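Enquirer: Pasting a structure below so you can have a look.
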Amino acid sequence: MEFDSSPKHPFMEFDQFKLRAYSAKEIEKLSVLRIYQCKTFDALGFPIEGGLYDPALGPFENLEKCSTCQQNSKHCPGHVGHISLEVPVFNPVYFPFMLNLLKGTCVNCHQFMCDTKRGATKLLLAQLRCIELGLTDHAQALANEINEKLANTENKNEANDMLEQLTNFNPYEIDNAITKLTGKSIETLEKETGIPSKNAVDFKRTLLREYMKSNLFRHRVKCPLCKRRNGTFRNDGHRAVLIDFGVGGIFGKGSMKGKGKAAKKGIDEDADESKEFDDTGPIEELLDKMETEKAISADFLQSDNAL
0 MEFDSSPKHP
10 FMEFDQFKLR
20 AYSAKEIEKL
30 SVLRIYQCKT
40 FDALGFPIEG
50 GLYDPALGPF
60 ENLEKCSTCQ
70 QNSKHCPGHV
80 GHISLEVPVF
90 NPVYFPFMLN
100 LLKGTCVNCH
110 QFMCDTKRGA
120 TKLLLAQLRC
130 IELGLTDHAQ
140 ALANEINEKL
150 ANTENKNEAN
160 DMLEQLTNFN
170 PYEIDNAITK
180 LTGKSIETLE
190 KETGIPSKNA
200 VDFKRTLLRE
210 YMKSNLFRHR
220 VKCPLCKRRN
230 GTFRNDGHRA
240 VLIDFGVGGI
250 FGKGSMKGKG
260 KAAKKGIDED
270 ADESKEFDDT
280 GPIEELLDKM
290 ETEKAISADF
300 LQSDNAL
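So for the sequence shown, numbering that gives the first Met the number 0 puts the first residue at 0; every next one is plus one.
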């Protein structure tokens, strides 16, 4: 598709495009009404003020006018309202990502258990820098070369030496290594770099996803930083996050027995926890028990009043 760059037909192209959520101050600035009513309509079917169909948000009927912009239903664009939450809650959009971050965090020292000084982090930084400079092929070849050398190395000492060299690699020397590899300066590569291709963007996302899954979101039973036992995070139906410090069961039930069994089986506390659990079971059982107790108490009170 060709574009006419003459003054009669100007055009613009996106350089960057980001999506984010509104902040609390921005929401209050855009909002024209605070929603505080739980009910939407009254007994006659009319919208209740302060509800989701308040006239300030837009006309409810075709012949009505908006109380905010005084336009009819055809021309009123609709207006934003907000709900003030009394307690902090989890954003359902970011809940899965937040839970993964918590799984990679120690509950004792409150730090990420991911070691950023390892060779995997240095390799990721080098690959991202290559992609940024338009050297996607070099980024892929770099990972393939290292993996092939590690796979073909029969001597463990040689493999450990290679990993140690990669760990000791200074990230600030990446540009120097790229200059020696390509024979071009960083300024020249930056000028030659155009809009990233779809393959480069997909490859970058794949690298970040694999790194976060294998390093950042990796849960360890024992924290490598503070050397204390770490808790296990449970997802309670996207409503709450539960922390379990027990070994055998949730909420610490049977933790001593589980610890004994783990010691007998020789389970390593430094091992990763990859098994998925059904987090809603204990909560649902507790709620069912409470409902049963309420029903029994109600029946007892009714029988007592009858007597």
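Even glycine gets a Cβ: it sits at the ideal position worked out from N, Cα and C.
None of the values given here were measured: they were computed from a predicted structure.
Output yes or no for whether 8 Å exceeds the beta carbon distance between His109 and Arg33.
Expert: In this structure, Arg33 does not lie closer than 8 Å to His109 by Cβ.
Enquirer: In or out: Thr333 buried (at least 16 other Cβ within 10 Å) or exposed?
Expert: Because the chain here runs from 0 to 306, residue 333 falls outside it and cannot be looked at.
Enquirer: Is there contact between the region 105 to 124 and the region 224 to 239, where contact requires at least three CB pairs shorter than 8 Å?
Expert: Segments in contact, yes.
Enquirer: Would you call the region 56 to 64 and the region 85 to 104 in contact, with 3 or more CB pairs under 8 Å?
Expert: Segments in contact, no.
Enquirer: Give me whichever residues DSSP pairs with Pro46 in a beta bridge.
Expert: Answer is Phe40.
Enquirer: Pairs of beta-carbons, one from the region 184 to 200 and one from the region 71 to 79, closer than 8 Å: are there three or more?
Expert: Taking 8 Å as the limit for Cβ pairs, the verdict is that the region 71 to 79 does not touch the region 184 to 200.
Enquirer: When burial is assigned at 16 or more other CB atoms within 10 Å of the CB, is Thr135 buried or exposed?
Expert: Classification for Thr135: buried.
Enquirer: What ranges does the alpha helix (DSSP H) occupy inside the region 165 to 197, keeping only unbroken runs of at least 4 residues that lie completely in it?
Expert: Entirely contained in the region 165 to 197, the alpha helix (DSSP H) runs reaching 4 residues are, in chain order, 173 to 181 and 185 to 191.
Enquirer: Let me make sure I understand the geometry here. Which of Arg219, Asp235, Ile26 and Asn234 has the alpha-carbon closest to that of Met112?
Expert: Ranking Arg219, Asp235, Ile26 and Asn234 by Cα distance to Met112 puts Arg219 first.
Enquirer: On a CA-only basis, which of Phe232, His237, Gly236 and Arg238 is nearest Phe244? Give me that one, please.
Expert: Looking at the Cα atoms, Phe232 is the closest of the given residues.
Enquirer: Hey, how far is the Cα of Val88 from the Cα of Leu29?
Expert: Taking the straight line from one Cα to the other gives about 21 Å.
Enquirer: Can you tell me which of the three DSSP states Asn90 falls into?
Expert: Asn90: coil per DSSP, three-state reduction.
Enquirer: What three-state label does DSSP hand His109 in the structure shown?
Expert: Looking at His109 - three-state DSSP - the assignment turns out to be coil, as it is neither helix nor strand.
Enquirer: Name the DSSP beta bridge partners of Asn234, please?
Expert: Answer is Val240, bridged to Asn234.
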